[in-house]
Structure formats: C-alpha cells, structure tokens
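J.:
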Amino acid sequence: MDETGKVSPARRRGLADEVADRIREAIFNGGYAPGAQLREVELSGVMDVSRGPVREALRILEREGLVRCAWHRGTVVTTLSAEDVAELESLRGALERLAVERITAHASEEDLASLEKAAGLMERARDEHDMVRLDIGFHDAVFAAAGHLRLAEAWEAIRCQVHLFLLTRIGRSTQGYLGRVPREHRELVAVLRSRDLQAALDLFAAHRRVAVDVVSAEPAPS
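Heads up, the sequence shown is in this note's numbering, so the first residue is 1199 and it goes up one at a time.
1. Identify, in the order they occur along the chain, each residue of the same chain with its Cβ nearer than 7 Å to the Cβ of serine 1248, setting aside the five sequence neighbours on each side.
2. Starting from arginine 1407 and walking both ways along the beta strand (DSSP E), at which residues does that stretch end?
3. When DSSP builds the beta bridges, which residues end up paired with glutamine 1235?
4. Give the straight-line distance between the Cα atoms of leucine 1386 and glutamine 1396, rounded to the nearest whole angstrom.
5. Return the chain-ordered list of same chain residues with a C-beta closer than 7 Å to the C-beta of phenylalanine 1402, the five sequence neighbours on each side being excluded.
6. Which value, in whole angstroms, describes the spacing of the CA atoms of tryptophan 1269 and aspartate 1309?
7. Below 7 Å between beta carbons: does that hold for leucine 1256 and valine 1265?
8. Which whole-angstrom value describes the C-beta separation of leucine 1364 and alanine 1404, a residue pair presumed to lie in contact below a C-beta threshold of 8 Å?
9. Taking contact to mean 3 or more Cβ pairs, one atom from each stretch, closer than 8 Å, check whether the segment 1310 to 1325 and the segment 1348 to 1357 are in contact.
10. Please list the terminal residues of the continuous alpha helix (DSSP H) segment that includes arginine 1331.
11. Considering valine 1265, what are the terminal residues of the beta strand (DSSP E) in which it resides?
12. Within the 7 Å Cβ cut-off, does glutamate 1416 reach chain D?
13. Rounded to whole angstroms, what is the Cα-Cα separation between leucine 1259 and valine 1274?
14. Leaving out five residues on either side along the sequence, give the residues of the same chain with a beta carbon under 6 Å from the beta carbon of threonine 1302.
15. So threonine 1366 is in the alpha helix (DSSP H); what residue range does that whole segment cover?
16. What's the gap between the Cα of leucine 1163 and the Cα of histidine 1361?
17. Among the residues of its own chain, which have a CB less than 7 Å from the CB of isoleucine 1225, if the five just before and after it don't count?
18. Identify the continuous alpha helix (DSSP H) that holds serine 1312 and give its terminal residues.
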C-alpha cells in the first residue's frame, strides 16, 4: 500500500514547552520586565538545558506575543507600543462585548457563582503581580461563562498579551491598585447578575479604560 499522504511520526516537544512555561512564568512574576533581553546562553545555563529547547521555547513565546526577536537586538520581552495597546483594547473589547451579551442573556446561576468566586479571590491577593493573575483568571471565567467555544479560543489567543498589558499597567502606577481592582470586579459581577446588557457593556468598557489610561498617560517629569 502506498504510504504517500499518511502522517509522519510525531516528535516529542515536551522540553521546549516546559522551558516556555518557565520563561513565561518568570515574565509574569516580574523577573523579566518589558524590554529585558532574553539570552539563549544564559537561559540554557540557568535551566540546565541545551540551547535548542530554549530557542524553540522563545519561538513559542514570540507567537504568543510575549517576546520579540530581532537580528540586531536578539530576543526581548515585548514592550507594548501605543498601537499595540489600541489594537489589543479594540479586539478585547469586541470579544468581551459578545461574552457580556451571552452572559446577560443565558448565564446560569452556576456560571454567575463562578464569576463571584473569581472576583472574591482578589480580596486575598498577595501583591500586584498576584492581582494581575487573579484579574486574568476572572476574565477567563467570563469567557467560560459565555458558553461559546470559539469565543473562548479567541480570548486564549490574546490572553498572554493582555497579561503583559496589565503588567505594563502596574509598571506605570500601583497607586490604589490593590484596593480598586477587587471592587471593580465585584461591580462587574453585580451588573452581569442584573442582566442589564447596556449597563454591563458600559461598565466593562469603563473597566478596560482605567488600565488603558494608566498605560497611555505621559510619564511624570522626574
């Protein structure tokens, strides 16, 4: 029988995925800030792996938008430009609009309870980086509650970039951050529970705008 056209044996890529997970975690923990260089030699030494898996891991992170590779600079953690922020905000806004429409129309009590639980976890955030993780977790719950598989997949495609955006936000200012964020998310849950679509859309838009305004603000003169 002609074997042409059949799939070839799969390659195991677990090590590169693990390396990508560890670098991603370091970025999300603040170990590598936006603009920081990621050198293959140093990373392979720290993680005790060859440079091949590190190189492949950096390609994974580049596809996620977390790092950027340039021949003259090597690999650096992505620094979001004003255009990046605007595009991310417009796309996230479009996805959240559909999620909010579906939740206000169809969410079950169990769905709403999962959102309340995710918002409640923010009360126990240890620090700003932990709060960012919990913020992302809340929005994971929003897209899960929407009950729309392809919408959830579209969110997953930009999730790491939104995480990076929120890290950029706390890099600009943390004044009042730990107190404000839990309150904002409790209000988001409440408006979803009310099933008032326009009020929910307005509140989600205002919630996003707070972070965009912080990131977009001109740095204060030193």
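The beta carbon of each residue, even a glycine, is placed where N, CA and C say it ideally should be.
None of the values given here were measured: they were computed from a predicted structure.
T.: Concretely, from the data shown:
1. Taking the sequence shown and counting its residues from 1, one reaches residue 1248 at position 50. Same-chain partners within the cutoff: Ser1242.
2. Position 209 of the sequence shown, counted from the first residue, corresponds to residue 1407. Taken as a continuous stretch (DSSP letters only), arginine 1407 belongs to no beta strand (DSSP E), being part of the alpha helix (DSSP H) at 1395 to 1414.
3. Here residue 1235 refers to the residue found at position 37 of the sequence shown. Answer by DSSP bridge pairing, in chain order: Val1274.
4. Residue numbering aside, residue 1386 sits at position 188 when the sequence shown is read from its first letter. Residue numbering aside, residue 1396 sits at position 198 when the sequence shown is read from its first letter. When rounded, the distance between both Cα atoms is 12 Å.
5. The residue you call residue 1402 lines up with position 204 of the sequence shown. Cβ within range, chain order: Glu1294, Val1298, Leu1386.
6. Counting from 1 along the sequence shown, the entry for residue 1269 is found at position 71. Counting from 1 along the sequence shown, the entry for residue 1309 is found at position 111. Rounded to the nearest angstrom, the two C-alpha atoms are 47 Å apart.
7. If you number the sequence shown from 1, residue 1256 lands on position 58. If you number the sequence shown from 1, residue 1265 lands on position 67. In this structure, valine 1265 lies closer than 7 Å to leucine 1256 by Cβ.
8. Along the sequence shown, read from residue 1 onward, the residue named residue 1364 stands at position 166. Along the sequence shown, read from residue 1 onward, the residue named residue 1404 stands at position 206. Not a contact, Cβ separation roughly 16 Å.
9. no
10. By one-based count along the sequence shown, residue 1331 stands at place 133. Segment 1326 to 1343, the alpha helix (DSSP H) holding arginine 1331.
11. As a first step, residue 1265 is located in the sequence shown; it is residue number 67 there, counting from the start. 1265 to 1268 is the span of the beta strand (DSSP E), which, as asked, contains valine 1265.
12. You won't find chain D in this structure, because it holds only one protein chain.
13. Indexing the sequence shown from 1 puts residue 1259 at position 61. Indexing the sequence shown from 1 puts residue 1274 at position 76. Looking at the two C-alpha atoms, the distance is approximately 11 Å.
14. What you label residue 1302 is simply residue 104 of the sequence shown in a count that begins at 1. Same-chain partners within the cutoff: Arg1393, Leu1395, Ala1398.
15. Counted from its first residue, the sequence shown places residue 1366 at position 168. Run containing threonine 1366: 1347 to 1370, per the alpha helix (DSSP H) assignment.
16. Since the first and last residues shown for the chain are 1199 and 1420, residue 1163 lies out of range.
17. Residue 1225 sits at position 27 when you count from the first residue of the sequence shown. Taken in chain order, the residues that qualify are Leu1264, Val1275.
18. Within the sequence shown, the letter at position 114 stands for residue 1312. Looking at the DSSP string, the run of the alpha helix (DSSP H) that includes serine 1312 is 1307 to 1319.
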